[in-house]
Amino acid sequence: MKVLKFGGTSVGSVENMCNVKNIINDGDKKIVVLSAMSGTTNKLVAISQDIKDVNLSEAENKISELQKVYFETIDQLLEDSDLNKSVREYVISIFEDLKACVSKVFSDALENQIVAQGELLSTYMFNSYLNQEGIHSALLPALDFMRIDGNKEPNIDYIKNNIKTVLKENESANIYITQGFICLDANDEVSNLQRGGSDYTATIIGAAIIAEEVQIWTDIDGMHNNDPRYVENTNPISNLSFDEAAELAYFGAKILHPQTVTPVRADNIPVRLKNTMDPIAHGTLISSKTSEGGIKAIAAKDGITAIKIKSARMLQAHGFLKKVFEIFETYETSIDMITTSEVAVSLTIDDDRNLDKILNELEKFALIEVDERQSIVCLVGHSVVNHQDTFKLFQILQDVKIRMISYGGSKNNISLLIDTDDKINTLQKLNDYLFELVTL
Ligand code: ASP
């Protein structure tokens, strides 16, 4: 069985929902994972921020605006009056719950409850639409089988057992619809897999049922060789290995949640990235197959902070790095890039929530310099560090101010740290010279 995930734009309008229906209605049994309609999760995040800031009338306004969007969508989508009425009742009940949240005291648990509603709404509406169109589908509540453990990792054994049960209970259905993103945590509270987490839901399900393939359907024709939001003339990549895709997803390729390939790589389950608006386009196939060929793709991740830690005590002393790492460990902050010299170490973090406390500790034994608004530009390709064309990189970047470089940490990745203001220029330059074959 295949698992197909459709993102927010794919279920963001009645026209697109009709496209999704046509794509999935091919007679094959499948599991379909849906995101919330585009814009909904952002709205829900904003509503919970208003509750946190005690901007309660603003929260109420946003809830009413959002409810209107759903009523309009239902009226366009569901001509069948019984279905229209029952979905309307469901939507009203969700929005009544949301309104009740406004008078509650803010907590992380409340926020998780609020942001979970988008996927509940989209799946309920879409499943009713399939029923109206005579398609035998069943709605599988993700909260009946999707769970993370105390380390926020998927509890695969629990998921395997529970999904088996819910599939069995609905054996006669041809298409199973379920929510992406949402799950229970180790304490049975509603939680989620972080923003963009529906991709991760799809591959976790794929691993749990040992799917034939996982397909991630979005509004672009696969993973591009550079970021199409900032760079002109990017092209879709037809094949990526699991390693390459993991590096690109982690280092900023927005098309995939960073953890997407983790669950499926051990069982070698291919992941295909497809375009709902152009279903016949090849898209990108992510599998265990590797290919030669130098730098294949470039991605950039913003919001990086660089910290330089300098100490004369580092000179020929052992245990210095251990001391540094222990501080980051204490404040549960992971390090992305790292370079060292004999007297200093520079490293980057993308989570600066505990930055002040970390700096406080480091300042006890070292001189510290901090650069904010940095970006990691990551160049990915199989065995890229050994490829004959890679030397060109250094010529191309003559006029870019590079703060750090990481070469050889993995053979598939070269990472550069630059000022975020230089990002678009750097990405475009790399694109022109590496992929467009402009000569130097
Ligand atoms: N709806 C969630 C978000 O916007 C999850 C997803 O779309 O994958 O982040």
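Numbering (numbering that gives the first Met the number 0), first residue to last: 0 to 439. Think of the CB as a built atom: it goes at the ideal place given N, C-alpha and C, for glycine as much as any other residue. None of the values given here were measured: they were computed from a predicted structure.
Residue span of the beta strand (DSSP E) that contains residue i, given as start and end
i, result
"Asp301", "Ala296 to Lys309"
"Thr347", "Ala343 to Ile348"
"Val2", "Lys1 to Phe5"
"Asp418", "Asn412 to Asp418"
"Met336", "Ile334 to Thr339"
"Val376", "Leu366 to Val379"
"Ala137", "Ser136 to Leu139"
"Leu239", "Asn238 to Ser240"
"Val189", "Val189 to Asn191"
Rounded straight-line distance, which links the Cα of residue j to that of residue i
i, j, result
"Val399", "Asp421", "7 Å"
"Ile22", "Lys4", "12 Å"
"Thr284", "Thr217", "The question names Thr, yet the displayed sequence has Leu at residue 284. Going from the Cα of Leu284 to the Cα of Thr217 covers about 14 Å."
"Ser197", "His256", "8 Å"
"Glu188", "Lys42", "22 Å"
"Asn385", "Leu247", "19 Å"
"Lys288", "Thr261", "16 Å"
"Thr40", "Thr8", "12 Å"
"Gly133", "Asn18", "16 Å"
"Phe327", "Ser333", "7 Å"
"Val53", "Phe105", "9 Å"
"Asp25", "Asp350", "44 Å"
"Gln427", "Leu166", "48 Å"
"Leu433", "Ala99", "55 Å"
"Ser290", "Ile204", "28 Å"
"Gly6", "Met276", "12 Å"
"Val13", "Thr259", "27 Å"
"Ile215", "Phe390", "35 Å"
"Glu59", "Ser405", "48 Å"
"Asp335", "Asn411", "15 Å"
"Ile303", "Asn173", "45 Å"
"Ser374", "Ile413", "14 Å"
"Lys295", "Asp301", "20 Å"
"Met36", "Gly318", "51 Å"
"Val90", "Gln116", "10 Å"
Whether residue i touches residue j by CB criterion (8 Å)
i, j, result
"Glu212", "Pro269", "yes"
"Leu401", "Leu416", "Reading off the sequence shown, one finds Ile at residue 401, where the question assumed Leu. It is a contact, given that the beta carbons lie within the stated cut-off."
"Met0", "Ala210", "yes"
"Val376", "Ala299", "yes"
"Leu109", "Ser47", "yes"
"Asn430", "Asn232", "yes"
"Tyr249", "Ile423", "no"
"Ala201", "Gly149", "no"
"Ser237", "His281", "yes"
"Ser190", "Cys182", "yes"
"Ile348", "Lys307", "no"
"Ala365", "Lys273", "no"
"Ser121", "Val10", "yes"
DSSP-derived helix/strand/coil call for residue i
i, result
"Gln214", "strand"
"Gly205", "helix"
"Tyr128", "helix"
"Thr275", "coil"
"Arg443", "A query on residue 443 cannot be resolved here, the shown segment of the chain reaching from 0 to 439 and no further."
"Ala245", "helix"
"Arg87", "helix"
"Tyr229", "coil"
"Gly179", "coil"
"Tyr432", "helix"
"Lys163", "helix"
"Met222", "coil"
"Lys98", "helix"
"Leu33", "strand"
"Thr283", "strand"
"Ser409", "strand"
"Ile401", "strand"
"Ile453", "Absent from the model: residue 453. The displayed extent of the chain is 0 to 439, so no value can be given."
"Arg146", "strand"
"Val13", "helix"
"Val270", "strand"
Where the alpha helix (DSSP H) containing residue i begins and where it ends
i, result
"Tyr69", "Leu55 to Leu76"
"Leu426", "Lys422 to Leu429"
"Asn359", "Leu354 to Leu361"
"Gln48", "Thr39 to Lys51"
"Asp25", "Where Asp25 is concerned, there is no enclosing alpha helix (DSSP H), given that its DSSP letter is neither H nor E."
"Ala108", "Asp107 to Val114"
Note to self: Quick test of the definition: if touching needs 3 or more C-beta pairs under 8 Å, does the segment 88 to 95 touch the segment 56 to 71?
What the structure shows: Remark: three or more beta-carbon pairs, one from each stretch, lie closer than 8 Å, so the segment 88 to 95 and the segment 56 to 71 are flagged as touching.
Next item on the list: Examine the Cβ distances between the segment 307 to 324 and the segment 340 to 352 and report whether three or more of them are shorter than 8 Å.
Entry: Segments in contact, yes.
Margin query: Under 8 Å: do the segment 378 to 388 and the segment 346 to 360 share three or more Cβ pairs, one atom per stretch?
Written below: Judged by pairs of C-beta atoms under 8 Å, the segment 378 to 388 does not touch the segment 346 to 360, as fewer than three such pairs exist.
Check: Is the segment 28 to 36 touching the segment 115 to 131, taking contact as three or more C-beta pairs under 8 Å?
Finding: yes
Notebook entry, point to check: Using 8 Å as the Cβ pair cut-off and three pairs as the minimum, do the segment 74 to 84 and the segment 158 to 165 touch?
Noted result: no
Next item on the list: Report yes or no: do three or more beta-carbon pairs, one from the segment 170 to 180 and one from the segment 139 to 151, lie closer than 8 Å?
Entry: yes
Checklist line | Contact between the segment 220 to 229 and the segment 184 to 201 (3+ Cβ pairs under 8 Å) | finding: no
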